[in-house]
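Colleague:
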DNA sequence: CAGTATGCTGAATGGACGTTCAGTTAGGGG
DNA sequence: CCCCTAACTGAACGTCCATTCAGCATACTG
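Chains as they are written, first to last, in the numbering used here: chain S, 39 to 268; chain G, 39 to 268.
1. Of all Cβ atoms in chain S, is any one closer than 8 Å to the Cβ of residue 266 of chain G?
2. Between residue 275 of chain G and chain S, is the shortest Cβ-Cβ distance under 8 Å, so that the two count as touching?
3. Any chance you could list the alpha helix (DSSP H) runs of at least 4 consecutive residues sitting entirely within the region 186-221 of chain S, in chain order?
4. Under the three-state reduction of DSSP, which class applies to residue 44 of chain G: helix, strand or coil?
5. Excluding the 5 residues flanking residue 42 of chain S on each side, which residues of the same chain have their C-beta closer than 6 Å to its C-beta?
6. If you measure from the beta carbon of residue 189 of chain S to each beta carbon in chain G, is any gap under 8 Å?
7. With a floor of 4 residues, list each alpha helix (DSSP H) that falls wholly inside the region 95-179 of chain S, ordered by position along the chain.
8. Which chain S residues sit within Cβ distance under 9 Å of residue 161 of chain G?
9. So residue 197 of chain S contacts chain G; which residues on that side make the cut at Cβ distance below 8 Å?
10. I need the straight-line Cα distance from residue 92 of chain S to residue 98 of chain S, nearest angstrom please.
11. Excluding sequence positions up to five away, which residues of its chain have a Cβ less than 6 Å from the Cβ of residue 171 of chain S?
12. So with Cβ pairs under 8 Å, would you call residue 82 of chain G a contact of chain S?
13. Please list, in chain order, the residues of the region 228-241 of chain G that have any C-beta partner in chain S closer than 7 Å.
14. Which stretch, first to last residue, makes up the alpha helix (DSSP H) that contains residue 68 of chain S?
15. Excluding sequence positions up to five away, which residues of its chain have a Cβ less than 6 Å from the Cβ of residue 76 of chain G?
16. Buried or exposed: where does residue 57 of chain S fall if 16 or more other Cβ atoms within 10 Å of its Cβ makes it buried?
17. When you compare the CB positions of residue 166 of chain G and residue 240 of chain S, do they come within less than 8 Å of one another, or not?
18. From residue 115 of chain S to residue 225 of chain S, what distance separates their C-alpha atoms?
19. Within 8 Å of any Cβ in chain G, is that where the Cβ of residue 151 of chain S sits?
20. Measuring CB to CB, does residue 205 of chain S end up less than 8 Å from residue 215 of chain S?
21. Below 8 Å between beta carbons: does that hold for residue 217 of chain S and residue 148 of chain G?
22. Give me the Cα-Cα distance between residue 134 of chain S and residue 109 of chain G, rounded to the nearest whole angstrom.
23. Taking 7 Å as the limit between beta carbons, can you name the residues of its chain near residue 184 of chain G, skipping five residues before and five after?
24. So with CB distances below 9 Å, who are the chain G contacts of residue 145 of chain S?
25. Quick check: the Cα distance between residue 69 of chain G and residue 79 of chain G, rounded to an integer number of angstroms?
26. Which stretch, first to last residue, makes up the alpha helix (DSSP H) that contains residue 235 of chain G?
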């Protein structure tokens, strides 16, 4: 090779590596999973050499941690930020509509399952946030009070995150894409809203199940295997 | 059926390989994911050599397909089988309590995300099953009728599968383990039941959101294209 | 008993991967 | 200008992995 004045072939500048690498990693980790993505692939996607990634992040795992942190911070920032979505029916479900955050949503959907500390922190804070949000809703008379407030919030958040994780199935079964769709996932939101508004069981069923479930509660109390958190 | 008494090194019998290998694979795939499990590890866990796995299943992917099939068939069998659990509040959530199926639950929880044809089929059939089950419930007056029956069923199934997939988080946040727990996941079931019985939103909120969500439905029907929201 | 199919293995192969390293290029401050 | 630092690379290394292969041992068949 001759010695060109600018060695970067196409518009690539020196020093833009760190973020570019991290974003490429989030993109590919989100699409093919961490184990399914090689440093070489990330390097190509970012227009750098594999060695540079290690130089910057120490190791593949170091890069993964950096991605975790960045995704957690970013998503938490816009969550805390504002109620950007009108009524926040299903915050997590709606967030995929914000185009800029789609790669992070994909990343979340993939990494929520193999559990890293930072992603766990993110989930914890989403729950915490939802707890506050729910309490406010109860005070404002928008949300019904609950006999098990914390458990309800946790379950609601996991419902929401769960459908995000399983968005491929939602797409296949309902034709609604939480991550790639170009509009609000209407059919999904309609169903969710109906469930959360009207419930699913009839009042009679409620009464029948109540005794059964309360009995469960007593059993597990007797066993003493339940620890309250925070 | 009588097996000859050939002693292998340590209690291992000849010819017991196929199932033993497949079960070991389900166990390890479920614990560490498919990409995170080597044939060597499976071989050791099954007490055979890696070569034998390939001999039987052709390739790692062949083994994976066999696992998919077996898990799908088994779980579908007991689902179709009977209502073994008293009131089937959350069939998927409760199924992990059946000790014999725990490895399969773990396997499901891991592989639901990276989507294989057989697992997709399984999900489809669970939905189909739930659709029937729900219709019956409606007829019997136990379950409220829905304006979007199919969407509601899909969402309910994905809620259930979603919490299964995220069972580690449920464990961390609520101390309830859907897969390893030794009793019914009481706190989880209580919350689920409350949500499904009473709903979450107050009637007033319902009315407010109704117009919003129905508007979504119209938009997606008309499909105008870009929607900018502040 | 001979022959063959089958369960099974150890060793070898080739490729992919994460990581290391020596060295090159550019930039900025003295 | 020189030197220091930091970005960056190609090549090499060692490891792990899925897969192949030749061959052994056992069981079945005629």
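Glycine included, C-beta positions come from ideal geometry on N, C-alpha and C.
Modeller: Taking the definition as stated:
1. In this prediction, residue 266 of chain G has a pLDDT of 39, which is less than 50 and means its spatial position is unreliable; what the coordinates show is noted afterwards. Chain S, which has no Cβ nearer than 8 Å to the Cβ of residue 266 of chain G, makes this no.
2. For chain G, the structure presents residues 39 to 268; residue 275 of chain G sits outside this window and is missing.
3. 187-203 and 205-212
4. The predicted model places residue 44 of chain G with a pLDDT of 35, which falls under 50 and marks its position as unreliable; any figure quoted below should be read in that light. In this structure, residue 44 of chain G counts as coil in the three-state DSSP scheme.
5. Low per-residue confidence applies at residue 42 of chain S: pLDDT is 34, beneath 50, and the placement is therefore not dependable, though the value from the model is reported in the following sentence. So no residue of the chain qualifies.
6. Residue 189 of chain S counts as touching chain G.
7. 98-119, 129-133, 140-149 and 155-177
8. 204, 207, 210 and 211
9. 197, 200 and 201
10. 7 Å
11. Nothing listed; no residue qualifies.
12. Not an interface residue.
13. 228, 229, 230, 231, 232, 233, 234, 235, 236, 237, 238, 239 and 240
14. 55-70
15. Here the set comprises nothing.
16. exposed
17. no
18. 28 Å
19. True, the Cβ-Cβ gap to chain G drops below 8 Å.
20. yes
21. no
22. 31 Å
23. 190
24. Going along chain G, no residue has its Cβ under 9 Å from residue 145 of chain S, so there is no contact; the nearest lies around 13 Å.
25. 12 Å
26. In this chain, the alpha helix (DSSP H) harbouring residue 235 of chain G covers 224-236.
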